[in-house]
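Asker: For reference, each letter of the sequence shown is one residue, going 1 to 1182 in full-length UniProt numbering.
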Amino acid sequence: MITISNQEGDTIRQTSVRSEPSNMQFSMIKTDDRTSTAESTISVVVGKKILFLFNLNEPDSPITLEFQQRYGSIVCYNWYGDGYIMIGFSRGMIAVISTYIREMGQEIFEARNHKDSLTSIAVSQTLNKAATCGDNCIKIHDLAELKDMYAIINLDDENKGLGTLSWTDDGQLLALSTQRGSLHVFLTKLPILGDACSTKIAYLTSLLEVTVTNPIEGELPITVSVDVEPNFVAVGLYHLAVGMNNRAWFYVLGENGVKKLKDVEYLGTVASVCLHSDYAAALFEGKVQLHLIESEISDAQEERETRLFPAVDDKCRILCHALTGDFLIYGTDTGVIKYFYIEDWQFVNDYRHPVSVKKIFPDPNGTRLIFIDEKSDGFVYCPVNDATYEIPDFSPTIKGVLWENWPMDKGVFIAYDDDKVYTYVFHKDTIQGSKVILAGGTKVPFSHKPLLLYNGELTCQTQSGKVNNIFLGTHSFLGSLKDVAPNELKQMLTQTLMLKRFSDAWAMCRILNDQAAWNELARACLHHMEVEFAIRVYRTIGNVGMVMSLEQIKGIEDYNLLAGHLAMFSNDFNLAQDLYLSSSCPIAALEMRRDLQHWDSALQLAKRLAPDQIPFISKEYAIQLEFTGDYVNALAHYEKGITGDNKEHDEVCLAGVAQMSIRMGDIRRGVNQALKHPSRVLKRDCGAILENMKQFSEAAQLYEKGLYYDKAASVYIRCKNWAKVGELLPHVSSPKIHSQYAKAKEADGRYKEAVVAYENAKQWNSVIRIYLDHLNNPEKAVSIVRETQSLDGAKMVARFFLQLGDYGSAIQFLVMSKCNNEAFTLAQQHNKMEIYADIIGSEDTTNEDYQSIALYFEGEKRHFQAGKFFLLCGQYSRALKHFLKCPSSEDNAAIEMAIETVGQAKDELLTSQLIDHLMGESDGMPKDAKYLFRLYMALKQYREAGRTAIIIAREEQSAGNYRNAHDVLFSMYAELKSQKIKIPSEMATNLMILHSYVLVKIHVKNGDHMKGARMLIRVANNISKFPSHIVPILTSTVIECHRAGLKNSAFSFAAMLMRPEYRNKIDAKYKKKIEAMVRRPDTSETEEATTPCPFCEFLLPECELLCPGCKNNIPYCIATGRHMLKDDWTVCPHCDFPALYSEFKIMLNNESTCPMCSERLNSAQLKKMPDCSQYLRTEVEQ
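(1) If we count the other Cβ atoms within 10 Å of its Cβ and call it buried at 16 or more, is Asp409 buried or exposed?
(2) On the CB-based measure, 16 or more other CB atoms within 10 Å of its CB, does Ser19 come out buried or exposed?
(3) Please report the distance separating the alpha-carbon of Met664 from that of Lys607.
(4) Could you give the DSSP three-state label for Phe67: helix, strand or coil?
(5) Helix or strand or just coil, what does DSSP make of Ala147?
(6) Taking the beta carbon of Ser98 as the centre, do at least 16 other beta carbons fall within 10 Å, making it buried, or is it exposed?
(7) What alpha helix (DSSP H) runs, 4 residues minimum, are completely inside the segment 956 to 988?
(8) Going straight from the alpha carbon of Glu229 to that of Met244, what length do you get?
(9) Going along the chain, which unbroken runs of the beta strand (DSSP E) with 3 or more residues stay wholly within the segment 287 to 341?
(10) Have a look at Pro396 and Cys197 and give me their C-alpha separation to the nearest angstrom.
(11) From the DSSP output, read off the bridge partner residues of Asp142.
(12) Mapping DSSP to helix, strand and coil, what is Asp1127?
(13) Quick one: Cα of Glu1179 to Cα of Gln875, how far?
(14) Going by DSSP, name the residue or residues bridged to Pro1092.
(15) How many Å lie between Val544 and Ala589 at the Cα?
(16) Could you tell me how far apart the beta carbons of Cys653 and Lys683 are, in whole angstroms, since I believe they sit closer than 8 Å?
(17) Going by DSSP in three states, Arg668 sits in which element: helix, strand or coil?
(18) Would you kindly report the start and end of the unbroken beta strand (DSSP E) that includes His448?
(19) Does DSSP put Gly366 in a helix, a strand or coil?
(20) Could you tell me which uninterrupted beta strand (DSSP E) segments, each at least 3 residues in length, are contained entirely in the segment 380 to 463, listed from first to last along the chain?
(21) Under 9 Å between the Cβ atoms of His353 and Gln432?
(22) By the three-class DSSP mapping on this structure, what secondary structure does Trp345 have?
(23) What did DSSP end up calling Ala280 once you bin it into helix, strand or coil?
(24) Taking the alpha-carbon positions, what's the Tyr266 to Thr306 distance?
(25) Taking Pro1081 as the reference, which of Glu1061, Lys1047, Leu208 has the closest Cα?
(26) Quick check: the Cα distance between Gly236 and Thr223, rounded to an integer number of angstroms?
(27) Take every Cβ of the segment 339 to 354, pair it with every Cβ of the segment 313 to 322, and state whether three or more of those distances are shorter than 8 Å.
(28) Straight-line CA distance for Gln1182 to Lys977?
(29) Starting from Glu488, trace the alpha helix (DSSP H) in both directions and tell me its first and last residue.
(30) If distances are taken between C-alpha atoms only, which option among Gly83, Gln68, Leu65 comes closest to Ser40?
(31) Check whether the Cβ atoms of Gly88 and Ser43 sit closer than 9 Å, and answer yes or no.
(32) In this structure, what does DSSP give as the bridge partners for Phe109?
(33) Is it true that the CB of Leu521 sits closer than 9 Å to the CB of Ala505?
(34) What three-state label does DSSP hand Leu1176 in the structure shown?
(35) Quick check on the DSSP output: the beta strand (DSSP E) that includes Arg13 runs from which residue to which?
(36) Are the beta-carbon atoms of Thr324 and Ser356 separated by less than 9 Å?
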């Protein structure tokens, strides 16, 4: 039976259990309701197997928890935490359960802690640890992580078994009773006593042992055994002090070991001691005693051996103190911080704070100090300039502060409490002045006390008498950056910039290679006034403007002026102004505001700094106000801007006054000002304002004075002042104004003036209308229509001629106005179709129009006209039919048109019809072969055309028409060449011989008998090709050879003439001479000059065209007939035939056409060709 009674002994609750109860405890079950704090639950072990939970508030529903048989019986249990129970079992098992109603009965943790048996469990809520004992050992678990074994203590000599465990309330001691009757007490945590001086640290490693080490310089740890369990520990550069109550023991830390120096007894219980190189300072009962650690007694130094603070007359209590190499510093309950300079043995500085100062922490040099006041606020104090800076977000639970000992991070410090370390940075030089910022926080493990901070690595002392190193979260960038993600890198970059570690930031920006990152680094450099580094960054990212700007200011020594420039570059203009005004160059603030067009601010500054600049700033401000529509203030500032001695500036201001006056309604003042002003543009602008205000008379006056005649005339028209418009008209260029004036004059019946105005307005239809309707001048109207090609004008003229009965002219102008149907109908009605056909042939006409005309002529049986228009509308079959029906009087023209039709049609049936007609198949009368040649040319059948051309040329040659034959062959040669078709050799040879004949006449006429004779010899050697003129050609050959001194050649051809078939045909006047030549032969002959072959350089006679050396046909000169030379090559620019440059130039002095193509030519058009390989290559290919 379990009975629960109150304080008076009255029974509150009673419940029965099924077996013997034991180990009863009061506690509280974990519920959702957190408001109740009363222990309303009773737990009891029933029959050593069951844990029975009885809630006083719910007596009808007790909870019974049974456990597995393999655990054994319940030995003991302990409540802890938020409703958790740890239970120990006889077979060495431990289990943890939760009493939270939703988790009730579930085992959160179970483990076999001891092999055979477990005798006791003890839980320390202070340490957050649990201990179990059994099997001759104690095992300790961390309650935060039960799986981890914190410690195991073996007791090998206790062979009779272990008894009960118990912790002290503070968790420092753990006691164990044993079956043998002994009591063991264990120290579970050491007092955390430690100190640091520079990078040297001292800390308690057992109750009677202190370890001194310098982890930064890699010195081996020194252990110092002490005589008493100390209350305080202090370390200096060369000494260690430990003590309790009012005594301290001093030790010398030598290279060879530790030596006890002395012990000192103070006048009260010591709260703390500070050491440095030579002196120690002990704080006790509101006083500080400063004394030498190692006394070197001499008269001079006796007074410097020791001193007690404060002085007798100073009624304050010292609450904290610190010692640096040069200073003793202490803070008092009255809020005073005093600096005592040891070297001069006197006070050098004091600072008064409104409330008492609880703790102070100087940096290693003593030049900066952090203090915490009684409100738990933190401050950085700089004794150099007596300035203090509040530390932001300073937690009231802060226990202490450590300065960074790494020499490169002078402004970094940490503040720490039991759970967390906060990293701060004191930025001395920024554009915003000195300030403290919070860089971040780092969690510290339980019971870790920071001793030393070096380059982001925090050395902490633990409860177990060891040290542990932690890296600050704000210094994560000090690790490897190889595999870090870009987002993490950006966060690290922010950390480096907060800590002002620009070299590390540079390395990160190089890895990120991101414009935004570089810009962030650059802005940070500007903020911290690191001008050189900022230049380096901006140069890297290619910001030339910033590099140039920073280069200009980097040498400035005035701090505020430099900071002002940098604030301006950072777009913090108000800060920049404040800095400029407090610098040696306050005018820079005015210059900045002017550059930014902050005119209001600029005016305020100018009043103080540069009154002479007020007019110029007023003008600029007025322009801005005018732009925003504030005309009242703009006028006032324009008036303020007038100086009286700066003409150009004053003109701008007066122009502004004029415009603003008009806008404000003071029109007379504004207009008078504008008229007096020399600027045309002002008159135009004021005129535009007045025009918008419907003040037309004044607007026109200003436009006219400003020589803006178009605008003036336009405004005069709006107020119907035609007289003024007429005056201005000669100066007006706008067609619209001329048109308006013309309409007005036409309405008044003044047609001559109207027509001139319409002409100026380029309104030709109106001009034509007036000439026809009012001035009766159709000739002028017609000339304008022809000149302007006006469609409407052409219609008007056509109607005019129709009324007069001049149908031909009417048709012409109807076609011109694109009224083809009307023109066609008119031509039909009045039998003027020829006129219509002629006119329409020269216009852009549709196929329908051509077909209409063709059908008309077809009906009239006029075959040629019908065929012509069927051809134009693309009806080739009908066109050919009509051309072949044409009477013989029109035969030649009809055949030519038929050839053109077939050429366009490209229809085999039509081609064969035409060929049959030309061959005489239809009427038995074959047509001239030249038509067949033209047909083949039209059909682009060049080979057939070539063969036909040779036949035609042969016929022409036989008939003695040598020039015609030459031209036929030349045209065919040129066509084949343009189509890149191989020239038949017969054609080329015939053309060469005929051309040689053509050249004879030119050379003989010019008196060059040798060239003439050479060409005649070539012709005479091919005399069979000239059957109509054999005797005359041979006669001429004999005479020219005789004249040129080619006597042997003359004799040869004279002998040929003496043949019976030629003898009687010789001209009588030459017959006797030729007979005499044959009877008395002279065989002397001028030898022909030789020149090199252009292909192979072989020397051959100059008129020879076949090279014996390379067997190539050599191109011939169209001026001389000789073979071509490489270094004297030109071509006719029209026909592209080659000629000797020097000879062709001489020929063109007497001739005006090319002897080959007969096109007009002069010597200036000839160009000597340095490279003739393309013509030689062509010849080889041919």
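Just so it is clear, CB atoms sit at the ideal spot from N, CA and C, and this is done for glycine as well.
Answerer: Reading from the atomic positions:
(1) In the sequence shown, residue 409 corresponds to position 409, counting from 1. It counts as buried.
(2) What you label residue 19 is simply residue 19 of the sequence shown in a count that begins at 1. Classification of Ser19: exposed, given that the 10 Å Cβ count is below 16.
(3) For the purposes of this step, residue 664 is taken as the residue at position 664 of the sequence shown. For the purposes of this step, residue 607 is taken as the residue at position 607 of the sequence shown. If you take the alpha carbons of Met664 and Lys607, they lie about 28 Å apart.
(4) Indexing the sequence shown from 1 puts residue 67 at position 67. Three-state DSSP puts Phe67 in coil, outside helix and strand.
(5) As a first step, residue 147 is located in the sequence shown; it is residue number 147 there, counting from the start. The residue you asked about is not Ala; residue 147 is Lys in the sequence shown. In the structure shown, Lys147 sits in a strand (DSSP, three-state: E or B).
(6) Taking the sequence shown and counting its residues from 1, one reaches residue 98 at position 98. Classification of Ser98: buried, given that the 10 Å Cβ count is 16 or more.
(7) 962 to 978
(8) As a working note, residue 229 is residue 229 in the sequence shown. As a working note, residue 244 is residue 244 in the sequence shown. Spanning the two alpha carbons is a distance of roughly 8 Å.
(9) 287 to 292, 306 to 309, 318 to 323, 327 to 332, 336 to 341
(10) If you number the sequence shown from 1, residue 396 lands on position 396. If you number the sequence shown from 1, residue 197 lands on position 197. Each residue's alpha carbon lies about 26 Å from the other.
(11) What you label residue 142 is simply residue 142 of the sequence shown in a count that begins at 1. Its beta-bridge partners are Lys129, Glu145.
(12) As a working mapping, residue 1127 is identified with position 1127 in the sequence shown. The answer is helix: DSSP assigns Asp1127 an H, G or I state.
(13) In the sequence shown, the residue the question calls residue 1179 occupies position 1179. In the sequence shown, the residue the question calls residue 875 occupies position 875. For Glu1179, the predicted model reports a pLDDT of 46, less than 50, meaning its position is unreliable and no value from the coordinates is stated.
(14) Residue numbering aside, residue 1092 sits at position 1092 when the sequence shown is read from its first letter. Note: Pro1092 sits in a beta bridge opposite Leu1099.
(15) Looking up residue 544 in the sequence shown gives position 544. Looking up residue 589 in the sequence shown gives position 589. Distance between the alpha carbons of Val544 and Ala589: 24 Å.
(16) For the purposes of this step, residue 653 is taken as residue 653 along the sequence shown, with counting starting at 1. For the purposes of this step, residue 683 is taken as residue 683 along the sequence shown, with counting starting at 1. Incorrect: roughly 17 Å between the Cβ atoms, too far for contact.
(17) Numbered from its first residue, the sequence shown carries residue 668 at position 668. Looking at Arg668 - three-state DSSP - the assignment turns out to be helix.
(18) Within the sequence shown, the letter at position 448 stands for residue 448. Here the beta strand (DSSP E) through His448 covers 448 to 454.
(19) As a first step, residue 366 must be located in the sequence shown, where it is residue number 366. In the three-state reduction of the DSSP assignment, Gly366 falls in the coil class, being assigned neither a helical nor a strand state.
(20) Runs found: 387 to 390, 400 to 403, 412 to 416, 420 to 427, 435 to 443, 448 to 454, 457 to 462.
(21) Position 353 of the sequence shown, counted from the first residue, corresponds to residue 353. Position 432 of the sequence shown, counted from the first residue, corresponds to residue 432. Not a contact, by the Cβ cut-off of 9 Å.
(22) For the purposes of this step, residue 345 is taken as the residue at position 345 of the sequence shown. Trp345 falls in the coil class under three-state DSSP.
(23) Translated into the one-based positions of the sequence shown, residue 280 becomes position 280. Reduced to three states, the DSSP call for Ala280 is strand.
(24) Counted from its first residue, the sequence shown places residue 266 at position 266. Counted from its first residue, the sequence shown places residue 306 at position 306. Between Tyr266 and Thr306, the C-alpha separation is close to 12 Å.
(25) Against the sequence shown, residue 1081 aligns to sequence position 1081. Selected option, being the one with the closest Cα: Lys1047.
(26) The sequence position of residue 236 within the sequence shown is 236, counting from 1. The sequence position of residue 223 within the sequence shown is 223, counting from 1. Each residue's alpha carbon lies about 15 Å from the other.
(27) no
(28) Residue 1182 sits at position 1182 when you count from the first residue of the sequence shown. Residue 977 sits at position 977 when you count from the first residue of the sequence shown. Per-residue confidence for Gln1182 stands at a pLDDT of 46, beneath the threshold of 50, marking its modelled position as unreliable; the derived number appears in the next sentence. Cα-Cα distance, rounded: 11 Å.
(29) The sequence position of residue 488 within the sequence shown is 488, counting from 1. Unbroken alpha helix (DSSP H) run through Glu488: 486 to 498.
(30) One-based indexing of the sequence shown puts residue 40 at position 40. If we check each option's Cα against that of Ser40, Gly83 comes out closest.
(31) One-based indexing of the sequence shown puts residue 88 at position 88. One-based indexing of the sequence shown puts residue 43 at position 43. Their beta carbons are not under 9 Å apart, which means Gly88 does not touch Ser43 by this criterion.
(32) Sequence index remark: in the sequence shown, residue 109 carries index 109 (1-based). DSSP lists Val96 as the beta-bridge partner residues of Phe109.
(33) Numbered from 1 along the sequence shown, position 505 holds the residue referred to as residue 505. Numbered from 1 along the sequence shown, position 521 holds the residue referred to as residue 521. Yes; because the gap between Cβ atoms is below 9 Å, this pair is in contact.
(34) Here residue 1176 refers to the residue found at position 1176 when the sequence shown is read from its first residue. Correct three-state label for Leu1176: helix.
(35) In the sequence shown, the residue the question calls residue 13 occupies position 13. Run containing Arg13: 11 to 15, per the beta strand (DSSP E) assignment.
(36) In the sequence shown, the residue the question calls residue 324 occupies position 324. In the sequence shown, the residue the question calls residue 356 occupies position 356. No Cβ-Cβ contact shorter than 9 Å links Thr324 with Ser356.
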